[in-house]
Amino acid sequence: AQTVTQSQPEMSVQEAETVTLSCTYDTSESDYYLFWYKQPPSRQMILVIRQEAYKQQNATENRFSVNFQKAAKSFSLKISDSQLGDAAMYFCAYRSVLLTGTASKLTFGTGTRLQVTL
Amino acid sequence: DVKVTQSSRYLVKRTGEKVFLECVQDMDHENMFWYRQDPGLGLRLIYFSYDVKMKEKGDIPEGYSVSREKKERFSLILESASTNQTSMYLCASSLPQEQSHEQYFGPGTRLTVT
Chain A
392 AQTVTQSQPE MSVQEAETVT LSCTYDTSES DYYLFWYKQP PSRQMILVIR
442 QEAYKQQNAT ENRFSVNFQK AAKSFSLKIS DSQLGDAAMY FCAYRSVLLT
492 GTASKLTFGT GTRLQVTL
Chain B
87 DVKVTQSSRY LVKRTGEKVF LECVQDMDHE NMFWYRQDPG LGLRLIYFSY
137 DVKMKEKGDI PEGYSVSREK KERFSLILES ASTNQTSMYL CASSLPQEQS
187 HEQYFGPGTR LTVT
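For the record, the sequence lines run as chains A and B. The numbering used here puts the first sequence at residues 392 to 509. The numbering used here puts the second sequence at residues 87 to 200.
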């Protein structure tokens, strides 16, 4: 079974600064998807960024980028030019590429609460 | 825009009551999921459905059942609510596995069982 670990329960960053959230995972599969989801106080889970394991290039979405290290099974999220609206719980998640049943589920880490200060 | 709605944002029930949590999606997605979110545990899958009347147990199905009579609606049922089922419940939907690069989530139902 796959596991996802987020070792930072809470992080804080000043507005306009850069912060990196850590995520490691364990799997025996060679191909899979990795995601970062954001959950603001409104509780609506929003996809931030997605990485396909077979792609060596790190995914980027505007101010959000990842550092995907497949051999180390590490998938960190970097937020540049942090904004007050970035304050939220961030979840790292794993999904298998297998097409059977609950293999399509997301396996989540425990989350990192990001605080953005002025 | 994909929209996943859940029938209640907050719900308070008594121990032993039968509880229905409803989820509706408007994007004709085949897959629907019920997750439970608890502090320090992240989200855990309760049940999954890949078609009408088709379901599979997730990681923590004990004490729950589900119903999917129509493609757009997926219900989570607590047959006899207990205090340890006090939690946040999130519904999600996605396209079939071969296309499902993303799951779309509802706003969650915070259930308190007293």
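Note that the Cβ used here is the ideal one computed from N, Cα and C, for glycine as well. Being a predicted model, the structure only gives us computed values, none of them experimental.
- Cβ contact annotation for PHE160(B) (same chain, cutoff 6 Å, sequence separation greater than five): CYS109, MET118, SER135 and ARG154, in chain order.
- GLY149(B) is outside the set of residues whose beta carbon lies under 9 Å from a beta carbon in chain A.
- ASP137(B) carries a strand assignment under DSSP once its states are collapsed to helix, strand and coil.
- GLN111(B) is outside the set of residues whose beta carbon lies under 9 Å from a beta carbon in chain A.
- Scanning its chain for C-beta atoms nearer than 6 Å, with the 5 sequence neighbours on each side dropped, one finds around ALA407(A) the residues ASP472, in chain order.
- Of all residues in the segment 119–133 of chain B, those with a C-beta nearer than 7 Å to a C-beta of chain A are PHE119, GLY126, LEU127, GLY128, LEU129 and LEU131, reading in chain order.
- The C-beta distance from VAL395(A) to VAL404(A) rounds to 22 Å, too long to meet the 8 Å contact threshold.
- Within the same chain, and ignoring the five residues on either side of LYS141(B) in sequence, the residues whose Cβ sits closer than 8 Å to its Cβ are TYR133, PHE134, SER135, VAL152 and ARG154.
- Interface residue (Cβ-Cβ distance to chain B less than 9 Å): VAL457(A) is not classified as such.
- Rounded to the nearest angstrom, the Cβ distance from ALA167(B) to GLY102(B) is 7 Å, consistent with a contact under 8 Å.
- Contact check for LEU164(B) against GLN123(B) fails: the beta carbons are separated by 9 Å or more.
- In the three-state scheme derived from DSSP, where H, G and I count as helix and E and B as strand, LEU176(B) is classed as strand.
- By the rule that beta-carbons nearer than 9 Å mark a contact, LEU107(B) does not touch chain A.
- Contact annotation for GLY102(B) against chain A: no contact, minimum CB-CB distance about 27 Å [criterion: below 8 Å].
- With its beta carbon at least 9 Å from every one in chain A, GLU165(B) lies outside the interface.
- Contact annotation: LYS464(A) and ASP417(A) have beta-carbon atoms nearer than 9 Å.
- Inter-residue distance for LEU129(B) and TYR190(B) is about 14 Å (C-alpha atoms, whole angstroms).
- Secondary structure note for LEU164(B): its beta strand (DSSP E) is the uninterrupted segment 159–164.
- Look at GLY500(A): its C-beta is under 9 Å from a C-beta on chain B.
- Among the residues of chain A, none has a CB under 7 Å from the CB of GLU155(B); the nearest is roughly 20 Å distant.
- Out of TYR428(A), ASN453(A) and VAL457(A), the CA that lies nearest to the CA of ILE437(A) is found in TYR428(A).
- Going by beta carbons, THR503(A) and SER419(A) fall outside the 9 Å limit.
- Within 10 angstroms of the beta-carbon of THR91(B) lie fewer than 16 other beta-carbons, which makes it exposed.
- Listed in chain order, the positions of the segment 425–443 of chain A with a beta carbon within less than 9 Å of a beta carbon of chain B are PHE426, TYR428, GLN430, SER433, ARG434, GLN435, MET436, ILE437, LEU438, ARG441 and GLU443.
- In the three-state scheme derived from DSSP, where H, G and I count as helix and E and B as strand, GLY500(A) is classed as coil.
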